[in-house]
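Scroll down for the structure; my scribbles are underneath it.
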Amino acid sequence: MPNSIIATQDLTVFYGTHCGISNVNLSVEKGEVFGLLGPNGAGKTTIQRVLMDVIRPIKGRATIFGRDCRHEGVAIRKRIGYLPGEFSFYPNMKGSSFINLLASMQAKPVDRTYHQQLYERLDLDPSRKMKEYSRGNKQKIGVMAAFMGKPDLLILDEPTVGLDPLVQKVVLELVREARENGRTVFFSSHNLPEVQAICDRVGIIRRGQLIKTERVETLTKRQFKRLHLTLRRLPPTDAFALEGVTETGRDGQVVMLEIQQGMDKVMEKAVHYGVENIEILPVTLEEIFLAYYDLENNRHDHT
Amino acid sequence: MTILNLLRHELQSRLGAIVGWSISLALFGLIYLSFYPELRDQLFSLGDASLWKAMKFEVGTFEGFVASVVVQLIPVYLGIYVIIISTDTLAGEEGRGILELLLSLPFPRWQIVTVKATAISVASFVILVFAGLGSAVALQTVKATVETIVTPGSLFLIILSGWPITLVFIMIGVFLGAFLPNRRSAAAIMTFFFITSYLAETLTNYVPSLGAYRYLSLFYYFDSSAKVFTEGVKAGDVLTLLGLAHSSSSWLFLVSKDAM
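Here it is in structure tokens:
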């Protein structure tokens, strides 16, 4: 994959006897925002730590900018901004000293104007000591450290965790700006809306295995709503047999539906049976993803 | 872009410990030597006690007292700091999430490890300098009341001769921190090794049949007997310890290039 910024082949990591990731193959193209989505412990952080050469795989290979992560790490890290999932620094060090220390060790000089802008946009007070910062403020420091060098590639492990909604928005804006400037972003998350909001492509990882990668808009088209209708009279079993609607179960007076299209028709039908309550339940991107691939697999099986 | 900024920061972050340990060890020598005139008669009566000899304490003479208490114990106490800090510098910082940020910087691992080992080595040297100065000042104040061949200058230099053995323990501690999965196991092994090495030297000194194993103790290469004031520090011992420190650091760099 000549244009890939990140490429992995059969990447496998074990922690003792526990498998961290298994045969992960992925590629991230130049200028795209790639989201790695999965629950805690799925292997998102492991992939990112292998890319940063913090841990090393027992099998497989990872390259960034066409260079081997293990043997050419220094050259690679000159062009990367990295936000680890959990990080800390010397507790008595001031935020500004920490940022300045990291800035002094960047491969290229940090743009002081941009540096100052980041402080303001993230609403960060750098005069306090690291031990005095809350989780959210530490995260802002980490975000700032990752972005300040305007690197060609940003590797961000759950960048919005611990941040208030306004700052989360700022971080997503920074990611968008990076993409607009032709830079590449590889980030992990378990937050569906932020992945939908900024990612070009997404990879779902479960139990250390990358199930598949897909463009976000393709998945979003497949998005469905999960509806629980509490009705006064129980309808016949085929009452909601409509195109794009699947009845997934019943529990007393509650009819459970998954709806991809035709919400208006469902409502028309429902009023005949007396609607007592309507509950729309959240659907995770992982569920959409899995539903999508179940559908794809079934289609392939039939053909 | 310079790794020296990291070295400066590492030293700054250890400033509190350097000041604290420097004052403590300087006071240690200062207090023990200052009170010698009052303790002299009691110590003289203990001079032949075999238990003291077994523990490498020669308290019958002033030179023996200085060597046993100040020269011998300052590196032992400094060893406590070295065990804490050397095993913490990689294993502890990895556990706290500090190391991951450092490893993401555009420097080879061996440079980061070198900076950390250098910072601890410099810190321990500064502490020894202050400890030496404290003892030298104390000797100067009591010199009029005791008859001795020990001068403040020679005492200062002999205390500094404790640095090579400290250096070996630093390198082994950092190596264990890089090699073992967590700080606790690194500190436990390091403590065991340190105590065993110290006790082995005293035990082999006392038990003739164990004499052949004396060379295995690092403390064998650090002369803390009264003879050191007449014969001086042996260059061979210093070179052996520096060689061991170098070997340990080579292993450390090998590990840091690959396994850490």
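As they're listed, the protein sequences go chains A and B.
Quick note on numbering: the first sequence equals residues 2 to 304 in the numbering used here.
Quick note on numbering: the second sequence equals residues 94 to 353 in the numbering used here.
Even glycine gets a Cβ: it sits at the ideal position worked out from N, Cα and C.
- DSSP lists no bridge partner for K109/A.
- The way I'd put it, the stretch 222-239 of chain B doesn't touch the stretch 132-151 of chain A; fewer than three beta-carbon pairs between them come closer than 8 angstroms.
- Residue state for K132/A is assigned as helix, using DSSP reduced to three classes.
- Closer than 8 angstroms to the CB of V29/A there is not a single CB belonging to chain B.
- Here E244/A carries a coil assignment [DSSP, helix/strand/coil].
- The residue from G227/B, F285/B, N298/B and E193/B with its alpha-carbon nearest to that of V159/B is G227/B.
- Partner residues in a beta bridge of D316/B, as assigned by DSSP, do not exist.
- Exclusion of the five residues before and after T47/A leaves V14, G21 and I22 as the residues of its chain whose Cβ lies within less than 6 angstroms of its Cβ.
- Annotation for Q10/A: N26, G61 and R62 place their beta carbon closer than 7 angstroms to its own, counting only its chain and skipping 5 residues before and after.
- Nearest to G266/B by alpha-carbon distance, out of F287/B, L250/B, S247/B and F128/B, is F287/B.
- Around F223/B, the same chain offers S115 and A119 as residues with beta carbons nearer than 6 angstroms, after the five sequence neighbours per side are excluded.
- Per DSSP, reduced to three states, the secondary structure at Q140/A is helical.
- Bounds of the beta strand (DSSP E) holding E277/A are V276 to L282.
- Taken through DSSP and simplified to helix, strand or coil, M283/B comes out as helix.
- Going by DSSP, D11/A is part of no alpha helix (DSSP H) but of the beta strand (DSSP E) stretching over S5 to Y16.
- At the C-beta level, V255/A and T238/A stay beyond 8 angstroms of one another.
- Close CB contacts of M53/A within its chain, under the 6 angstroms cut and outside five residues either way in sequence, are with Y83 (chain order).
- In the three-state scheme derived from DSSP, where H, G and I count as helix and E and B as strand, D252/A is classed as strand.
- For P58/A, the nearest beta carbon of chain B is not closer than 8 angstroms to its own beta carbon.
- Rounded to the nearest whole angstrom, the CA to CA distance from R234/A to L38/A is 41 angstroms.
- Look at the beta carbons and you see the stretch 238-250 of chain A not touching the stretch 195-206 of chain A: under three pairs across the two are nearer than 8 angstroms.
- Only exposed fits T219/A, as fewer than 16 other CB atoms lie within 10 angstroms of its CB.
- Out of M264/A, Y91/A and M149/A, the CA that lies nearest to the CA of L228/A is found in M264/A.
- Leaving aside the five residues that flank L269/B on each side, the residues in its chain whose CB is nearer than 7 angstroms to its CB run, in chain order, T180, A279, I282 and M283.
- When CB distances to chain A are screened at a threshold of 7 angstroms, the residues of the stretch 195-219 of chain B falling below it are L196, S197, L198, P199, F200 and P201, in chain order.
- Buried is the label assigned to P168/B, since at least 16 other Cβ atoms lie within 10 Å of its Cβ.
- Per DSSP, R80/A lies in no beta strand (DSSP E) and is assigned neither H nor E.
- Pairing I258/B with F322/B gives a Cβ-Cβ distance that is not under 8 angstroms.
- The beta carbon of S179/B does not come within 8 angstroms of any beta carbon belonging to chain A, so the residue lies off that interface.
- Per DSSP, the unbroken alpha helix (DSSP H) holding V272/A starts and ends at M264 to V272.
- Taking the beta carbon of R78/A as reference, the chain B residues within 9 angstroms of it are L196, S197, L198, P199 and F200, listed in sequence order.
- M268/A and V284/A have their C-alpha atoms some 20 angstroms from each other.
- DSSP places T95/B outside both helix and strand once states are collapsed to three, so it counts as coil.
- The beta carbons of V175/B and S106/B sit no closer together than 8 angstroms.
- Residues of chain A whose Cβ lies closer than 7 angstroms to the Cβ of L99/B are, in chain order, M106.
- Excluding its 5 nearest sequence neighbours in each direction, P274/B has no C-beta neighbour in its own chain below 6 angstroms.
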